[in-house]
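A.B. asks: So in full-length UniProt numbering, spot 655 of the sequence shown is number 655, and the numbers just go up one at a time.
Next up is a structure, given as structure tokens.
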Amino acid sequence: MDSKAQQTDLEWISYPPNGWEEISGLDENYTPIRTYQVCQVMEPNQNNWLRTNWIEKGNAQRIFVELKFTLRDCNSLPGVVGTCKETFNLYYQETDSEVGRSLRENQYVKIDTIAADESFTQGDLGERKMKLNTEVRIIGPLTRRGFYLAFQDVGACIALVSVKVYYKKCWSIIENLATFPDTVTGSEFSSLVEVEGVCVNDAEEEADNSPKMHCSAEGEWLVPIGKCICKAGFHQKGDACEPCGRGFYKSSSQDLQCSRCPAHSFNDREGSWRCDCEDGYYRALSDPASVACTRPPSAPQNLVYNINQTTVSLEWSPPADTGGRNDVTYRVVCRRCGWEPEECVPCGLNVGYSPAQSGLVDTYVSIVDLLAHANYTFEVEAVNGVSDLSRTQRLFAAVSIATGQVIKEKVQQRSIQLSWQEPRQPNGVITEYEIKYYEKDQKDRVYSTVRSKSTSATVNNLKPSTAYVFQIRAFTEAGYGTYGPRLEITTKEEATGSIQSSTTHFFRFTCAFNYASFDSVSPLRSDPILCYLYIYIFIMVIYIYHVKFPGTKTYIDPETYEDPNRAVHQFAKELDASCIKIERVIGAGEFGEVCSGRLKLPGKRDVSVAIKTLKVGYTEKQRRDFLCEASIMGQFDHPNVVHLEGVVTRGKPVMIVIEYMENGSLDGFLRKHDGQFTVIQLVGMLRGIAAGMRYLSDMGYVHRDLAARNILVNSNLVCKVSDFGLSRVIDDDPEAVYTTTGGKIPVRWTAPEAIQYRKFTSASDVWSYGIVMWEVMSYGERPYWDMSNQDVIKAIDEGYRLPAPMDCPPGLHQLMLDCWQKDRAERPKFDQIVGILDKMIRNPNTLKTPLGTCTSPLLDQSTPDFTAFRSVGEWLEAIKMERYRDNFTAAGYSSLESVARMSIE
């Protein structure tokens, strides 16, 4: 409702009739409007009511009421002391329908008393200066169908210029291919309305990741969770899914884009999830749609055989054409034949194959248990994943073999022992056998012979590592028969030399690289052992130089990079968005929402992470500033600095993924657990923060926003420095500073020189650390309480410093005061602060007595005073760690002297 939009009478209810009066007027743009005025300031006890017409609220739960009005200053009205007012009251009444024109005061609920920021006098009206006031109030949550607004005047001179009543909603949006409808905001300021998205046409929900968004109380959509993806055959274009064109396909909703049909396939329709194979080409059932269509292979090549008694060994070469596949295997068909081809029959189950008859990967096979003196035909076929789908004639290599004399052998380096079976039907009585042999690689094929009276023989005087070919024939009264099939055998290798010889060769090899630099009389040229020792010493020198004295890592400011994307990709790991699962919104950041979720990297367990997201509609500058923090965090690696897991820059939303700190920010955690920790536990937290800051300082890095709100706490109470949005680099010069050109400064945590001159150093971080100490010891109390920033600046300049929090040991407060020295050169370094806190943990007595400035004995690294304790157990009890008594005893710390020598490590 907007009263300015109505040009005719509003006809609101006024009681009594002589109170509020409806009149016509002009707004600040001289547009005619209807207003209500009342000015019964001369008479006491005014009670003038004005009620709007009934307002139907629809789906709204929180209603905003904007009032524009003018109000006259009572001081400008003579003679009205005690009767004139400068406020009026705003009420509302919920109903399910109109209740008529009656007005009962007791049925209304007061919203607020409205006062004017600007009032006018009679002179102002004469000059036509309208001092218009605007006030907004919120009603809710509302539960009925509608409501009335009422205005009560108790004696003011006021003109109600306009009344606007509205509610907020998140407008419908398409995000991640899901439609989210107009959504009215929740009933509370902090409430988030979760909305389920509906996938657009031809899209479907991603598995176990349905699309959701949250509508905030301000009518803004927060970071999306889950998404929809285009179905198979469709690809994303803008906020819609379009079908793949002809000649393209998309086989799965998980694929991002349509792909062109693979080789030897096609389609002639839109929205295809696969392509059909051309004639003569096929796709196996296990083949994905993305592979090319293929065909069966050609026949194997160069089939050869060897016979050994009743065993035949076959070898071949791969086919010339594999059909476009890499899953070629081989299968063997064995047939035993008579004298005519049609007499061939399968070999049957009595024949064995090694390693197998089918599914062969290697190009060889042995067939055993054949019959002697029989004819066989062997066919070797190359097959692949589509061979069984093809209707074309199969291609194979074939060979026919007669197992007349199959030979077996015993092989040595210089001799081979052979044996064979006697033929079944010799042409007469066999009186001897002749063995012919020659070197396989000899060009002239000069052969030798050996004779034997039996069916065995040993051939001697052979060469080691040499291939020989043997053939045997029988001799009877009728003469010599034909030679049997060739048999190829390779003699064994000759034995190698001594170990000493091999070792010497090794040393000669390792020293060969530097022979040129040694003169002829150098012992390194003749003594391999000495050479080896020389190399060993050289390696040790390299190890000591690189491991014992590594270079110091230095922080690099990402703003020095001309291309910010190059900086983030140099220092931060790019993560695949599919590895990240957002589970819930846990807070809001400067650039967007902060969520918790899980990170699952390949080959690793999933871990809990916090995810900072960049809100929708970001500018390029916002994106650059957002990722700058990741470029900074990616350079740090310390147990007390929050760890960066990686970034997502190649998808939406843009994300920074860090380790998840279960207990959140330190200030909120302390306020939640007020008074629940021992002093030693609090000092332990402070020690962790100081250690993290020491690491950052050593890298030449200034934080500029060190505060308890920017310290995160994990489940083990480990405190880690975070939030590097304000941080800047400093030079190697310890007096170097960073000078800002503007921007907000957290005054209550910032050193005076940084406030006054905008100069930041590690010393200014030490000042901030002192404030953090005060926050920790006061369990999250606000520094300087309700003092204004200007009052804080003035008080510090005049020498004021925060007092010790309740129950804070004097030693800790003294350390705070040391951190707050006006001269930054007199403040302790973080390395000294860590040492002081370590002493306090080892010897709690140092907490009880203030020890002066930063030059106090606390900085002395000598042995702490244990005279106040009589035993290790008594000391552990004093620092609330008596449960570790057995651990100390088992580790050999049985006396206070041994404890005094214990380092922090």
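Using N, Cα and C, we set each Cβ at its ideal position, and we do this for glycine too.
Just so you know, these numbers come straight off a predicted model, no measurement behind them.
To test your reading of the DSSP string, which unbroken beta strand (DSSP E) runs of 3 or more residues are found completely within the UniProt domain "Fibronectin type-III" (402 to 494)?
C.D. replies: 408 to 411, 416 to 419, 432 to 439, 448 to 452, 456 to 459, 467 to 476, 487 to 490
A.B. asks: How would you call Asn710, buried or exposed, if buried means at least 16 neighbouring beta carbons within 10 angstroms?
C.D. replies: With 16 or more Cβ atoms within 10 Å of its Cβ, Asn710 is classed as buried.
A.B. asks: Please list, in chain order, all residues of the same chain as residue 912 whose beta carbon is under 6 angstroms from its beta carbon, the five residues on each side excluded.
C.D. replies: Outside the displayed span of the chain (1 to 905) sits residue 912, for which this structure offers no information.
A.B. asks: Would the stretch 206 to 218 count as touching the stretch 168 to 181 if we require 3 or more Cβ pairs under 8 angstroms?
C.D. replies: At 8 angstroms Cβ cutoff, the stretches touch.
A.B. asks: Would you be able to state if there are at least three C-beta pairs under 8 angstroms between the stretch 11 to 20 and the stretch 33 to 49?
C.D. replies: yes
A.B. asks: Where does Ile539 sit, in a helix, a strand or coil, going by DSSP?
C.D. replies: In this prediction, Ile539 scores a pLDDT of 42, lower than 50, which makes its location untrustworthy; the coordinate-derived value is nonetheless stated afterwards. Helix.
A.B. asks: Quick check: what's the CA-CA separation for Met816 versus Asp637?
C.D. replies: 27 angstroms
A.B. asks: Going by C-alpha to C-alpha distance, which of Ile771, Pro296, Arg486 sits closest to Val304?
C.D. replies: It is Arg486.
A.B. asks: Below 6 angstroms CB to CB, which residues in the same chain sit around Ser298 once its five sequence neighbours on both sides are set aside?
C.D. replies: Pro319, Ala320, Asp321, Leu395
A.B. asks: Is the Cβ-Cβ distance between Gln413 and Thr363 less than 8 angstroms?
C.D. replies: No, they are not a contact pair.
A.B. asks: In the DSSP assignment, what residue or residues form a beta bridge with Trp785?
C.D. replies: Beta bridge pairing from DSSP links Trp785 with no other residue.
A.B. asks: Going by other Cβ atoms of all chains shown within 10 Å of its Cβ, with 16 needed for buried, is Gly359 buried or exposed?
C.D. replies: By the Cβ neighbour-count rule, Gly359 is exposed, with fewer than 16 other Cβ atoms within 10 Å of its own.
A.B. asks: Just list the residues that DSSP pairs Ile680 with in beta bridges.
C.D. replies: Answer is none; Ile680 lacks a bridge partner.
A.B. asks: Consider the Cβ of Lys250: report whether some Cβ of chain B lies at a distance smaller than 8 angstroms.
C.D. replies: No chain B is part of this structure, which consists of one protein chain only.
A.B. asks: Within 10 angstroms of its Cβ, does Glu645 collect 16 or more other Cβ (buried), or is it exposed?
C.D. replies: buried
A.B. asks: Between Asp239 and Val200, is the Cβ-Cβ spacing less than 8 angstroms?
C.D. replies: In this structure, Asp239 lies near Val200, with their beta-carbon atoms less than 8 angstroms apart.
A.B. asks: Counting C-beta neighbours from all protein chains within 10 Å, is the total for Gly30 16 or more, i.e. buried, or is it exposed?
C.D. replies: One detail in the question is off: residue 30 reads as Tyr in this sequence, not Gly. By the beta-carbon neighbour count (other beta carbons within 10 angstroms, threshold 16), Tyr30 is exposed.
A.B. asks: On a Cα-Cα basis, can you pick out the residue from Ile63, Pro746, Cys275, Ser210 that is closest to Arg144?
C.D. replies: Measuring from the Cα of Arg144, the nearest candidate turns out to be Ile63.
A.B. asks: Looking at the strands, I want to know which residues DSSP matches up with Pro32.
C.D. replies: Leu26
A.B. asks: Let me know if Trp875 comes out buried or exposed under the rule of 16 or more other beta-carbons within 10 Å of its beta-carbon.
C.D. replies: buried
A.B. asks: Got a sec, what are the start and stop residues for the beta strand (DSSP E) Cys244 sits in?
C.D. replies: Where Cys244 is concerned, there is no enclosing beta strand (DSSP E), given that its DSSP letter is neither H nor E.
A.B. asks: Rounded C-beta distance between Ala754 and Ser762? I'm assuming under 8 angstroms.
C.D. replies: Contact doesn't hold; Cβ gap of about 12 angstroms is too wide.
A.B. asks: How close, in whole Å, do the beta carbons of Ala398 and Val328 come, if the pair is a contact with beta carbons under 8 angstroms?
C.D. replies: In fact, because the Cβ distance is near 18 angstroms, the residues do not count as touching under 8 angstroms.
A.B. asks: When you compare the CB positions of Gln6 and Pro32, do they come within less than 8 angstroms of one another, or not?
C.D. replies: no
A.B. asks: Check whether the Cβ atoms of Lys227 and Ser162 lie closer than 8 angstroms to each other.
C.D. replies: no
A.B. asks: Can you pull the DSSP bridge partners for Asn89?
C.D. replies: Bridge partners of Asn89 according to DSSP: Thr113, Gln152.
A.B. asks: Which residues does DSSP pair with Met213 in a beta bridge?
C.D. replies: Val195
A.B. asks: Just the Cα atoms here: how many angstroms apart are Tyr738 and Cys261?
C.D. replies: Confidence is the limiting factor: at Tyr738 the pLDDT is only 42, short of 50, which leaves the residue's position unreliable and the question unanswerable from this model.
A.B. asks: Please state the DSSP three-state secondary structure of Glu629.
C.D. replies: helix
A.B. asks: Taking just the CA atoms, how far does Leu177 sit from Cys628?
C.D. replies: Their backbone Cα atoms lie some 29 angstroms apart in a straight line.
A.B. asks: Can you find at least 3 beta carbon pairs, one from the stretch 796 to 816 and one from the stretch 647 to 662, that sit closer than 8 angstroms?
C.D. replies: no
A.B. asks: Any contact of the stretch 471 to 485 with the stretch 420 to 432, i.e. 3+ C-beta pairs under 8 angstroms?
C.D. replies: yes
A.B. asks: At the level of alpha carbons, what is the spacing between Cys74 and Gly58?
C.D. replies: 41 angstroms
A.B. asks: Using only alpha-carbon positions, find the residue among Gly323, Leu192, Asp797, Pro783 that is nearest to Pro805.
C.D. replies: Pro783
A.B. asks: My guess is that Ser187 and Glu196 are in contact by the Cβ rule of under 8 angstroms, so how many angstroms apart are they, rounded?
C.D. replies: Actually they do not touch by this definition, with Cβ atoms about 19 angstroms apart.
A.B. asks: Rounded to the nearest angstrom, what separates Glu488 and Asp369 at their Cα positions?
C.D. replies: Between the alpha carbons of Glu488 and Asp369 lies a gap of roughly 20 angstroms.
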